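Chains as they are written, first to last, in the numbering used here: chain A, 1 to 333; chain B, 1 to 321.
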């Protein structure tokens, strides 16, 4: 059986703030008497992309696609198995203590769960100001002032500094999480499902806020989510993940109007649209995403793909440019 | 179409630390036979409590304080527990967002469905098990005989939801209450389940009360839809009518604030503020603090749900008085 590997990195563009190359993350499964590695969960299996300064890259996928693992690996919250990531040319994965300290100041994260991600024993001021303290920025008085300003920036009152997370609604807590992420004036913010725990009427408030902050503070976003309409709203380009790999990457509008990968096509066709007069041909995929412990040979999507052939089981399709700026990993795209 | 279920002025309250929460505060809703009715609202709007009130499955601190739930011509509210037990699962079934909470982890899925059938249709276990396997096949589970012998934890989320649907429909209920049945599922799996529900509806002829926060799911599934806010229904209409010409400022805001696929907006519409604290709902219209209209009277009196334009389009807003 011949096996082709993705070689080129066609998604590379100049002036990248973040560059990720051949990122692999396997989680070993230990078993047996000696607790040896009996198998690997191949969460991320060779992912490459770049994000330009000031750009928002949406990373979309269903559960188990590996999108959150990509985010966490870039932050070095978990170590990669292999691959590289650079922030403005500096290696993130090879960075030693001092460099890492600096990189962590420049890359911040906003979490999905506005309840679990804020320490209930800390005041809002302590939560938002913690990064400033850790990085030794300003005097206590100056830090208080910065925190108050940050709270105002995200649409809360500066006086809320002394309050505790439980006194706030879900939307307000997410604003606190955003203020915390902004405190160190980062260059890159990784937003991991930042609105999926919020009600519809609160979602739009937070999405608008993220857009305002991007303009005001010259931010770059990696926006990880499972909701295509939300991702489209905020993203310049969108990368679609399936079972540890990027299967398609394109400018947002191009991806929505003319998806080329069969998975992207099916995904878009079944997203419920709030318009009862709309009649669409849906491609309802059968089956479920296979286990990342034992992904299919060749193309990972072939077991659910409506157009798969024997060739797909043998040769893994590379992510190649199928039209200008649009990349798809399918032999038939 | 004749009415299958008619909710009249339903009030459900919860005693919590710090006071009484009026979770359902005067809901009126009619479900015609064989219809799919959507009940939409954000968290805390009272949509799930409305469903649990119909089923009389409230937590201990919850109480129905007023109102009627007419099923055919029997009021479920006053029914003795035994008779209610008989209706539950037999005439009215319910499926939940997280099937794991509703399935018993120590019994195989086949035995659980068989038990439901046996209890309600007075057949022996073998007949129940046969019915279970037939139902599993019907909801699209391959190799149903083998699956029937498996425990819930051996199945994926989508598969468990299929099992829940199989169990709920095994007694051919007249009404199926589905509380966020696809919210915990991935989009491609959601599509499978929604397709399954549409197909089964044709086959079984059950009416469906579909509780969801997803207006896309409503548009795809429902004949009519009711929008809830702070314990009350603020608007109700046929699905096409509601999406084409929403009349309540909350519905209008909600529809305007969702990102639309393939139609990126310069800026999303925003409903300011957030839902009121359930222990301190403002007097008059509960939406007033967030409302761009703030009609006269809305600061004092709760607007009634009245026909507006057509008998089928109901709105609770003083601006139309």
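Backbone N, C-alpha and C define an ideal beta-carbon position, used for all residues, glycine too.
This one's a predicted model, so the numbers in the text were calculated from it and none came from an experiment.
### chain A contact for residue 186 of chain B (CB, 8 Å cutoff)
yes
### Query
Under the three-state reduction of DSSP, which class applies to residue 102 of chain B: helix, strand or coil?
helix
#### Entry: Under the three-state DSSP convention, the category residue 112 of chain A falls into
coil
#### Entry: Proximity to residue 28 of chain A [Cα-Cα], best of A/80, A/55, A/193 and A/194
A/80
### Query
residue 53 of chain A and residue 220 of chain A: beta carbons closer than 8 Å?
yes
### Message
Just to confirm my understanding: we take residue 15 of chain A, look at its own chain, exclude 5 residues before and 5 after, and list those with CB closer than 7 Å. What are they?
### Response
52 and 53
### Message
With H, G and I counted as helix, E and B as strand and the rest as coil, what does DSSP make of residue 199 of chain A?
### Response
coil
### Closer than 8 Å to chain B by CB, residue 167 of chain A
no
### Task
Return helix, strand or coil for residue 280 of chain B, following the three-state DSSP convention.
coil
#### Entry: Within 8 Å, strictly: CB atoms of residue 102 of chain A and residue 91 of chain A
no
#### Entry: C-alpha distance - residue 75 of chain B paired with residue 255 of chain B, whole-angstrom precision
35 Å
### Query
Which whole-angstrom value is the C-beta distance of residue 127 of chain A and residue 176 of chain A, which I expect to be below 8 Å?
6 Å
### Query
Fully enclosed by the stretch 181–241 of chain B, which beta strand (DSSP E) runs are 3 residues long or longer?
207–212, 224–229 and 232–238
### Message
Distance check for residue 174 of chain B and residue 85 of chain B, CA to CA, integer angstroms please.
### Response
15 Å
### Message
8 Å is my cut-off, CB to CB: does residue 304 of chain B come that close to chain A?
### Response
no
### Message
At the level of alpha carbons, what is the spacing between residue 277 of chain A and residue 60 of chain A?
### Response
27 Å
### Query
Using the beta-carbon count (16 or more within 10 Å), is residue 208 of chain A buried or exposed?
buried
### Task
Give the residues of chain E in contact with residue 275 of chain A, contact being defined as C-beta atoms less than 8 Å apart.
Given the protein chain composition of this structure (A and B), no chain E is represented.
### Query
What residue does the alpha helix (DSSP H) around residue 129 of chain B start on, and which one ends it?
125–138
### Task
May I ask you to list, following chain order, the residues of the stretch 191–207 of chain B that have a beta carbon less than 9 Å from some beta carbon of chain A?
191, 192, 194 and 195
### Message
If you reduce the DSSP assignment to three classes, tell me which class residue 70 of chain A lands in.
### Response
helix
### Task
Just confirm the distance between the C-beta atoms of residue 64 of chain B and residue 77 of chain B, as a whole number of angstroms; I'd bet it's less than 8 Å.
6 Å
#### Entry: DSSP three-state assignment for residue 208 of chain A, whether helix, strand or coil
helix
### Query
What is the DSSP secondary structure of residue 94 of chain B, counted as helix, strand or coil?
strand
### Query
What's the gap between the Cα of residue 325 of chain A and the Cα of residue 216 of chain A?
27 Å
### Task
Using the Cα positions of residue 5 of chain A and residue 328 of chain A, report the straight-line distance between them to the nearest angstrom.
Residue placement at residue 5 of chain A cannot be trusted, given a pLDDT of 43 that sits under 50; what the coordinates show is reported in the next sentence. So the alpha carbons of these two residues sit roughly 15 Å apart.
### Task
Give me whichever residues DSSP pairs with residue 93 of chain A in a beta bridge.
In the DSSP output, where bridge partners are listed per residue, residue 93 of chain A has none listed.
### Task
Return the residues of the stretch 184–217 of chain A that lie within a Cβ-Cβ distance of less than 7 Å from chain B, sorted by chain order.
199, 200, 201, 202, 204, 205, 207 and 208
### Message
Against chain B, which members of the stretch 58–87 of chain A pass a CB distance test of less than 8 Å?
### Response
62 and 63
### Query
Can you name, in chain order, every residue of its own chain whose Cβ lies under 6 Å from the Cβ of residue 41 of chain A, other than the five neighbours on each side?
27, 292 and 293
### Within chain A, partners of residue 49 of chain B - CB distance below 9 Å
Those do not exist, as residue 49 of chain B stays about 16 Å from chain A at its closest Cβ, beyond 9 Å.
#### Entry: Simplified DSSP assignment, three categories, for residue 332 of chain A
coil
### Task
Please report how far the alpha carbon of residue 33 of chain B lies from the alpha carbon of residue 274 of chain A, in whole angstroms.
25 Å
### Task
Assign residue 36 of chain A to one of two classes, buried (16 or more other C-beta atoms within 10 Å of its C-beta) or exposed (fewer than that).
exposed
### Task
Tell me whether the beta-carbon of residue 54 of chain B lies closer than 8 Å to the beta-carbon of residue 24 of chain B.
no
### Query
Where do the N-terminal and C-terminal ends of the alpha helix (DSSP H) with residue 165 of chain B fall, by residue?
157–169
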